[in-house]
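Participant: Numbering (our numbering), first residue to last: 26 to 329.
#1: Check the DSSP bridge columns for residue 277 and list the partner residues they point to.
#2: Applying the 10 Å Cβ sphere with the 16-neighbour rule, what's the burial state of residue 167?
#3: Out of 160, 256, 300 and 260, which has the shortest C-alpha to C-alpha gap to residue 274?
#4: Once DSSP output is grouped into helix, strand and coil, what is the label at residue 21?
#5: Is there at least one non-hydrogen atom of the ligand ATP closer than 7 Å to the beta-carbon of residue 170?
#6: Would you tell me roughly how many angstroms separate the C-alpha atoms of residue 42 and residue 181, rounded to the nearest one?
#7: List the whole-angstrom C-beta distance separating residue 294 from residue 270, where the pair is believed to meet the contact cut-off of C-beta under 8 Å.
#8: Applying the 10 Å Cβ sphere with the 16-neighbour rule, what's the burial state of residue 37?
#9: Can you find the residues in the same chain that come closer than 8 Å, C-beta to C-beta, to residue 40, ignoring five residues on each side of it along the sequence?
#10: Within the same chain, show all residues whose beta-carbon is closer than 8 Å to that of residue 53, passing over the 5 residues directly before and after it, in chain order.
#11: With DSSP as the reference, please indicate the residues paired to residue 272 in a beta bridge.
#12: State the Cα-Cα distance for the pair residue 153 and residue 307, rounded to the nearest angstrom.
#13: In whole angstroms, what is the alpha-carbon distance linking residue 118 and residue 87?
#14: According to DSSP, is residue 10 part of a helix, a strand, or is it coil?
#15: By Cβ distance, which residues of its chain are closer than 8 Å to residue 199, with the 5 residues on each side in sequence left out?
#16: Have a look at residue 317 and residue 30 and give me their C-alpha separation to the nearest angstrom.
#17: I'd like to confirm the pairing. Which residues does DSSP put opposite residue 164 in its beta bridges?
#18: Do you know offhand how far residue 252's Cα is from residue 314's?
#19: Any idea if residue 196 is buried or exposed, counting beta-carbon neighbours within 10 angstroms, 16 or more meaning buried?
#20: Using C-beta distances below 6 Å, list every residue in its chain close to residue 79, excluding the 5 sequence neighbours before and after it, in chain order.
#21: Ends of the alpha helix (DSSP H) at residue 84?
#22: Buried or exposed: residue 63, going by 16 or more other Cβ atoms within 10 Å of its Cβ?
#23: Would you call the CB atoms of residue 121 and residue 56 closer than 8 Å?
#24: Below 8 Å between beta carbons: does that hold for residue 278 and residue 264?
#25: Over the uninterrupted alpha helix (DSSP H) stretch that includes residue 290, give me the two end residues.
#26: What would DSSP say about residue 148, mapped onto helix, strand or coil?
#27: When you compare only the Cα positions, how much space is there between residue 143 and residue 303?
#28: CB residue 255 to CB residue 221, shorter than 8 Å?
#29: Quick check on the burial criterion: 16 or more other C-beta atoms within 10 angstroms. Buried or exposed for residue 216?
Structure, rendered in structure tokens:
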């Protein structure tokens, strides 16, 4: 991709993000007076956003056309306030602005392998399912219980000849995902919003661009969600899964960034004490104990 292509792609991303955020806010929600007559646009008009942000209409129009280069933090904060952005959306706006300013671009090198120390940590987590993934949803390493819990993902025909195992591909390209994830629609919304967040952090990540292009082309469900330009952090919550051996599970999860390994996250599930989920994971742990404690994609033949 040439520099001109990168600039056009980034400008389109900024334009769609700002216009979709503007379209979702009504004048009433923004505290603006509403006069009679039918409005021709959904949400706020550009001049209304400019008024709320304390900037000229011409300057806001320039921003919404995709030109964030040189926008100061105070301008971005005023824009975030006017558009009522949440934490993830505000961070995404700042990431887009940094990408638009050559001197402000951050390096976005992503670790490609899991360090031995992290593998040993996974090995020590014997009573909780845990795995390490990157921001593209490639599962790079897992402990035995994590492998057992995610057996439907690892065993998908999608990954018989290609790797690494990727939970986003499984979600949108394997019909079995709709049985594995009980609340598939919410999981799909969250996955796409997280990938959109990552495009702001690493807008020129070729592997990420290729993944999004593949899923947009092959999955109408993905393409429809991608067009919304929603962003979201993926830090904690409850996942509702259906495992073929132990049935339905409601599992609290935590996702922690690994500061020494840019782009990698440690995900783990911690069931409530004395719950059915705790008992079910105990059964899976017994099954997993007969296999390898830790599975790392980088250790598989032909994974380089």
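Think of the CB as a built atom: it goes at the ideal place given N, C-alpha and C, for glycine as much as any other residue.
Fair warning: this is a prediction, and the values are worked out from it, not measured in the lab.
Facilitator: Let's see:
#1: 263
#2: buried
#3: 300
#4: In the structure as shown, the chain starts at 26 and stops at 329, and residue 21 therefore has no counterpart that could be examined.
#5: Because no ligand of any kind appears in the structure shown, any question about the ligand ATP cannot be addressed here.
#6: 34 Å
#7: No, residue 294 and residue 270 are not in contact; Cβ-Cβ is about 16 Å, not under 8 Å.
#8: exposed
#9: 89, 90 and 91
#10: 59
#11: 268
#12: 9 Å
#13: 15 Å
#14: As shown, the chain starts at 26 and ends at 329. That puts residue 10 outside it, with no answer to give.
#15: 181, 182 and 183
#16: Bear in mind that the predicted position of residue 317 carries a pLDDT of just 43, short of 50, making it too unreliable to give a figure here.
#17: 158
#18: 43 Å
#19: buried
#20: 103
#21: 82–89
#22: exposed
#23: no
#24: yes
#25: First-last for residue 290: 289–294, but that is the beta strand (DSSP E), not the alpha helix (DSSP H).
#26: helix
#27: 24 Å
#28: yes
#29: buried
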